[in-house]
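Student: If you read the sequence shown in this note's numbering, its first letter stands for residue 1, the second for the next number, and so on. This is the structure I have questions about; it appears just below.
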Amino acid sequence: MKRLLDDYTFSPELRYEGHRLRYTQENCVMLELGGIMGAAVLAALLVDTEEGDARGINVDGEQPRNEFFLRYEREVRRDNGGLFLTEVEALSESYTELTGTDDLLLCICGNDRLLDLALSLMVEYMHRLVREEVHAHIYEAVPWTTPFAQWLYNAGFVETRRQQLLSIDWTKADTVYALAQRLATNDAHEAEEPTLVFDGLSAEQVIRGYWEWLWQGAQNEANLYPDDKVQLARIKQIIRENETDYDFLKPEMKCFSPASTNLFRKWMTQWQDFLNKQLPPEVAPKKHIQQELFMDNVLPAPQKGKYDQVREYIQERQKYDKNFKKFYQTRKRTELCLQLSVMFGWAVSDNSLGKSMRRKLKHPKKSVLK
1 MKRLLDDYTF SPELRYEGHR LRYTQENCVM LELGGIMGAA VLAALLVDTE EGDARGINVD
61 GEQPRNEFFL RYEREVRRDN GGLFLTEVEA LSESYTELTG TDDLLLCICG NDRLLDLALS
121 LMVEYMHRLV REEVHAHIYE AVPWTTPFAQ WLYNAGFVET RRQQLLSIDW TKADTVYALA
181 QRLATNDAHE AEEPTLVFDG LSAEQVIRGY WEWLWQGAQN EANLYPDDKV QLARIKQIIR
241 ENETDYDFLK PEMKCFSPAS TNLFRKWMTQ WQDFLNKQLP PEVAPKKHIQ QELFMDNVLP
301 APQKGKYDQV REYIQERQKY DKNFKKFYQT RKRTELCLQL SVMFGWAVSD NSLGKSMRRK
361 LKHPKKSVLK
């Protein structure tokens, strides 16, 4: 069997040579079509002919076309063909060659059906490369990473790029040329605004997919230890603390439009609701505990989960409440957390409070309780 892209002469004016379709115009100017455009025209002109049969050209049906594309990529491998970047560049160059030559491609193909076949092969192949470039789903293009807020932020900008590529009309010369220019200047991955609606996936599918990945990782980590149940309980607490806060992203989110900011918040609200169903929040312990510390009228209660506020509450209250100060200095932190949980009405984590108390602020802050 001949190779798919072997050289072939159609006429004195038209030949396929060195993986390029060469056409000499009436003014003796030669036009060259490389990449998939040249190969697609070659296939359209040879299909259903003896020469086409000898080369094994069959483009009717999904499987034969897949085989055609695979054979094409094997044969242009040494030319660095078959890659997204090189094929966009080659297609852009082909459109540049065709500039100012109205209906020349139709003239080369001979009729509308063969032209349509050539263009459909080219378009289908470029869509194939796009799918390889951007992947079928966003979580393949941007692998899961913790916390969910960070993944969502990263994925939003990548999705902008994904949807731009997925919507390209490869028959539009100006669109292809503009893309080639962006790729050549390395700014094709820049996006000013994130796209927080992901192609082919509902919000529930995204959130559930992330949770399944997160929970599987938690179980795998816990199973490394002999006290796996204890370790899993510890990991659950860490997940609750890390996955419900996205304040660390607020400086980066200043570039968001109001609409994107609002949509990001909706995502985080839905994620937190989902997480609470999977890992119900701990109920503040009230039974079997003798309450020794009580709220006063001086300081407000810290917000739930805001351990910087809890830390400041403890520091400030010791300044004027001798009983509170004595309790803090003489009792274990676990006992303190139980009392604070009863006072504040939400479960104060011993581990989280300890981290907060050990944290050294780089810059002094104004009171977070005011």
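Just so it is clear, CB atoms sit at the ideal spot from N, CA and C, and this is done for glycine as well. All figures in this text were calculated on a predicted structure; none of them were measured in a lab.
(1) Can you list, in chain order, the residues of its chain whose CB lies under 6 Å from that of Ala54, leaving out five sequence neighbours each side?
(2) The beta strand (DSSP E) with Arg3 in it runs from where to where?
(3) So what does Met126 bridge to, in DSSP terms?
(4) If you compare alpha carbons, which of Met122, Ile57, Arg77 and Lys306 is closest to Leu33?
(5) Short check: CB of Phe84 to CB of Leu129, under 7 Å?
(6) Quick one: grab the DSSP three-state call for Met357.
(7) Does the segment 170-182 come within contact of the segment 236-254, defined as at least 3 CB pairs closer than 8 Å?
(8) Whole angstroms are fine: how far does the CA of Phe294 sit from the CA of Met357?
(9) Got a sec? Which residues, its chain only, sit under 8 Å from His363 by beta carbon, not counting five neighbours each side?
(10) According to DSSP, is Leu21 helix, strand or coil?
(11) Buried or exposed, going by whether 16 or more other CB atoms sit within 10 Å of the CB of Ala155?
(12) How would you write the range of the alpha helix (DSSP H) that Met343 sits in, first residue to last?
(13) By DSSP, does Leu46 sit in helix, in strand, or in coil?
(14) What three-state label does DSSP hand Leu31 in the structure shown?
(15) Please classify Tyr320 as buried or exposed, where buried requires at least 16 other C-beta atoms within 10 Å of its C-beta.
(16) Can you tell me which of Asp169, Thr160, Asn220 and Ala222 puts its alpha carbon nearest to the alpha carbon of Val197?
(17) Can you give me the C-alpha to C-alpha distance between Ala203 and Asp273, rounded to a whole angstrom?
(18) For Tyr225, does the count of other Cβ atoms within 10 angstroms reach 16, so buried, or fall short, so exposed?
(19) Give me the DSSP bridge partner(s) of Tyr16.
(20) DSSP three-state label for Asn186, please.
(21) On the three-state DSSP scale, how would you describe Met253?
(22) Suppose the cutoff is 7 Å on Cβ atoms and the five residues either side in sequence are ignored; what does the same chain contact list for Trp213 look like?
(23) Buried or exposed: Leu70, going by 16 or more other Cβ atoms within 10 Å of its Cβ?
(24) For Gln303, which residues in the same chain have their Cβ closer than 8 Å to its Cβ, ignoring the five residues on either side in sequence?
(25) Thinking C-beta only, is Arg317 closer than 7 Å to Phe324?
(26) Would you report the Cα separation of Leu338 and Lys236, rounded to the nearest angstrom?
(27) Across the segment 99-116 and the segment 130-141, are there enough close Cβ pairs to call them in contact, namely three or more that are closer than 8 Å?
(28) Measuring only the C-alpha atoms, how far is Arg74 from Gly82?
(29) Just verifying my parser: in three-state terms, what is the DSSP assignment at Ser349?
(30) Use the C-beta contact count for Pro194: other C-beta atoms within 10 angstroms, 16 or more gives buried, fewer gives exposed.
(31) Can you give me the start and stop residues for the alpha helix (DSSP H) that Leu224 sits inside?
Tutor: Let me lay it out:
(1) Closer than 6 Å at Cβ, skipping near neighbours: Lys2.
(2) Premise fails: Arg3 is in no beta strand (DSSP E) and is neither H nor E.
(3) Bridge pairing for Met126: absent [DSSP].
(4) When each option's Cα is compared against that of Leu33, the closest is Met122.
(5) Yes, they are a contact pair.
(6) Helix.
(7) No: the two stretches stay apart, fewer than three of their Cβ pairs being nearer than 8 Å.
(8) If you take the alpha carbons of Met357 and Phe294, they lie about 21 Å apart.
(9) Low confidence applies to His363: its pLDDT is 45, below 50, so where it sits in the model is not reliable, and the reading given next is rough at best. Answer for His363: no residue qualifies.
(10) Of the three classes helix, strand and coil, the one that applies to Leu21 here is strand, per DSSP.
(11) It counts as buried.
(12) Secondary structure note for Met343: its alpha helix (DSSP H) is the uninterrupted segment Arg333 to Phe344.
(13) Note: Leu46 maps to helix in three-state DSSP.
(14) Strand at Leu31.
(15) It is exposed - the Cβ of Tyr320 has fewer than 16 other Cβ atoms within 10 Å.
(16) Of the listed residues, the one whose Cα sits closest to Val197 is Thr160.
(17) Whole-angstrom Cα-Cα distance: 13 Å.
(18) By the neighbour-count rule (16 or more Cβ atoms within 10 Å), Tyr225 is not buried but exposed.
(19) Answer is Tyr8 and Leu21, bridged to Tyr16.
(20) Here Asn186 sits in coil by DSSP.
(21) Three-state DSSP puts Met253 in a helix.
(22) Excluding positions up to five away in sequence, the list reads Trp144.
(23) Looking at its Cβ environment, which holds fewer than 16 other Cβ atoms inside 10 Å, Leu70 is exposed.
(24) Excluding the 5 residues flanking it on each side, Gln303 has same chain C-beta neighbours closer than 8 Å at Gln309, in chain order.
(25) Closer than 7 Å, so yes.
(26) Taking the straight line joining both Cα atoms gives about 19 Å.
(27) Verdict: no, contact absent.
(28) For Arg74 and Gly82, the distance between alpha carbons rounds to 8 Å.
(29) In the structure shown, the three-state DSSP call for Ser349 is coil.
(30) Around the beta carbon of Pro194, a 10 Å sphere encloses 16 or more other beta carbons of the protein chains shown; the residue is thus reported as buried.
(31) No alpha helix (DSSP H) holds Leu224; DSSP gives it neither H nor E.
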